[in-house]
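For the sequence shown, the numbering used here gives the first residue as 59, with consecutive numbering after it. For each residue, glycine too, the CB sits at the ideal point set by N, CA and C. In what follows, a structure is listed as structure tokens, so that the remarks can point back to it.
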Amino acid sequence: MSTSQFVSRCTADAMTSAAATIKDGNLVAFPTETVYGLGADASNEKAVAKIYAAKGRPADHPLIVHIASMDGIGYWADDISEYAIALARAFWPGPMTLICKRSPEAKDFVTGGQDTVGLRVPDHVVALALLDAAKQIGVQGIAAPSANRFGHVSPTTADAVREELDQYLSADDIILDGGPSQVGVESTIIDCTGDTPHILRPGAITQAMIEEVTGLKVTDAQNEIRVSGSLENHYAPQATVVLDTAPQLGDGYIAMSDKPTPAGVIRLASPETVEEYARILYASLRDADSQKLSRICIDQPQGDGLAIAICDRLQRAARGR
Ligand code: TXA
Ligand code: MG
Numbered sequence: 059m060s061t062s063q064f065v066s067r068c069t070a071d072a073m074t075s076a077a078a079t080i081k082d083g084n085l086v087a088f089p090t091e092t093v094y095g096l097g098a099d100a101s102n103e104k105a106v107a108k109i110y111a112a113k114g115r116p117a118d119h120p121l122i123v124h125i126a127s128m129d130g131i132g133y134w135a136d137d138i139s140e141y142a143i144a145l146a147r148a149f150w151p152g153p154m155t156l157i158c159k160r161s162p163e164a165k166d167f168v169t170g171g172q173d174t175v176g177l178r179v180p181d182h183v184v185a186l187a188l189l190d191a192a193k194q195i196g197v198q199g200i201a202a203p204s205a206n207r208f209g210h211v212s213p214t215t216a217d218a219v220r221e222e223l224d225q226y227l228s229a230d231d232i233i234l235d236g237g238p239s240q241v242g243v244e245s246t247i248i249d250c251t252g253d254t255p256h257i258l259r260p261g262a263i264t265q266a267m268i269e270e271v272t273g274l275k276v277t278d279a280q281n282e283i284r285v286s287g288s289l290e291n292h293y294a295p296q297a298t299v300v301l302d303t304a305p306q307l308g309d310g311y312i313a314m315s316d317k318p319t320p321a322g323v324i325r326l327a328s329p330e331t332v333e334e335y336a337r338i339l340y341a342s343l344r345d346a347d348s349q350k351l352s353r354i355c356i357d358q359p360q361g362d363g364l365a366i367a368i369c370d371r372l373q374r375a376a377r378g379r
């Protein structure tokens, strides 16, 4: 049963009304360049609680606060390091979340009780228009996790958000359709509270890019279980995912376009570049589930950069639900 409002024409009026929906303490799912987010006023405890309820997410998992521009960083964070400012200048708006020491404005209900806050300026016209319109009516930030049920594959289209969450949303909530997400995997999360940056989740902003901008050596902490996105069984479809294994009759198959499709195998995606691989991966996993496939064989992409982020998600997906 469909309950929330689905808005496919994101006009200025639609953005004003979506911002008012946020201000009134309701939820707005919105597009970003990485994946779709499920947003609420980051200063409103009851509204943020609705996010946790809709996602079925444990309350001690912190949310990213999305802001309209880097000017907003000082409202939410204190003692911001010089290299964090350099990263914000270089990569915002963009697929990067900075973890900074929280200010008194970032409450426990957003930070999961941690003394840090995650901040991001997303690079999507609809997200930025929503954040701007909300700011004009006094909303300093929009807390938003990926708009999926806890542990599932993140949505990269508005239809995928509707499939995941509509039954958990109310008639006052809105889903904004801004087309398919162009990056396709979640933002790089960088812990900026130490002397040097520390990658907590790999994404499209790579270690090499961070080192180039900051002049600092970056440590990579992918294996530390600190963020919910690094729980082992995250990003999993219903189907069993197996990596780098020859597909058999009836299996789904995702691999770069130069790999042929064996007879009787259902080809789900044939990306030509790693960028395309990231962009279509989550939709391909959803496609496998809607075709009720029981197994998906996936060849991991080679190389560093974005391939590292893709392999990170694939390995978690392969550990299953
Ligand atoms: O690309 C993205 O980051 C998307 C879009 C919507 O912005 N958002 C996203 O949110 O992936 P979510 O909640 O699904 O994943 C954010 C991750 C979580 O694993 C959370 O634990 C971590 O960020 N996180 C948020 N605040 C944190 C903090 N203060 N310290 C450590 N990790 C934090
Ligand atoms: Mg998520």
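Straight-line spacing of the CA atoms in V123 and K81 works out to 15 Å. With three or more CB-CB distances shorter than 8 Å, the region 61-76 counts as touching the region 223-238. Within the same chain, and ignoring the five residues on either side of V300 in sequence, the residues whose Cβ sits closer than 8 Å to its Cβ are R353, I354, C355, I356, A376.
Here DSSP, grouped into helix, strand and coil, assigns A117 to coil. The region 132-140 and the region 107-122 do not touch, with fewer than 3 CB-CB distances between them shorter than 8 Å. At least 8 Å separates the beta-carbon of R160 from that of A126. The beta-carbon distance between A202 and G363, rounded to whole angstroms, is 26 Å. This is too long to meet the 8 Å contact definition.
In the structure shown, the three-state DSSP call for S101 is coil.
Between the alpha carbons of G83 and D99 lies a distance of about 7 Å. Counting only residues of its own chain and dropping the five nearest sequence neighbours on each side, A262 has a CB closer than 6 Å to the CB of P153, V241, L364. With respect to the 8 Å criterion, T90 and A216 are not classified as neighbours on the basis of their beta carbons.
Contact annotation: I366 and L339 have beta-carbon atoms that are not nearer than 8 Å. Around Q194, the same chain offers no residue with a beta carbon nearer than 7 Å, after the five sequence neighbours per side are excluded.
Remark: C-beta atoms of T214 and P238 approach each other more closely than 8 Å. When C-alpha distances from C158 are compared across L258, E333, D278, the shortest belongs to L258.
Boundaries of the alpha helix (DSSP H) around M73: 70-81. For A297, the closest alpha carbon among the candidates P318, L274, D347 is that of D347. Here T155 is buried, its C-beta having at least 16 other C-beta atoms within 10 Å. Residue pairing for I248: DSSP places it in a beta bridge opposite L156, I257.
Annotation: L234 to V219 spans about 10 Å, alpha carbon to alpha carbon. Remark: C-beta atoms of P255 and L274 approach each other more closely than 8 Å. Nearest C-alpha to E330 among Q360, D309, A148: Q360.
The DSSP-derived three-state label of R220 is helix. Between the alpha carbons of Q358 and L372 lies a distance of about 8 Å.
In this structure, the CA atom of I143 is about 9 Å from the CA atom of I131.
The Cβ atoms of F167 and V106 lie closer than 8 Å to each other. By the 16-neighbour rule on beta-carbons within 10 angstroms, K108 is buried.
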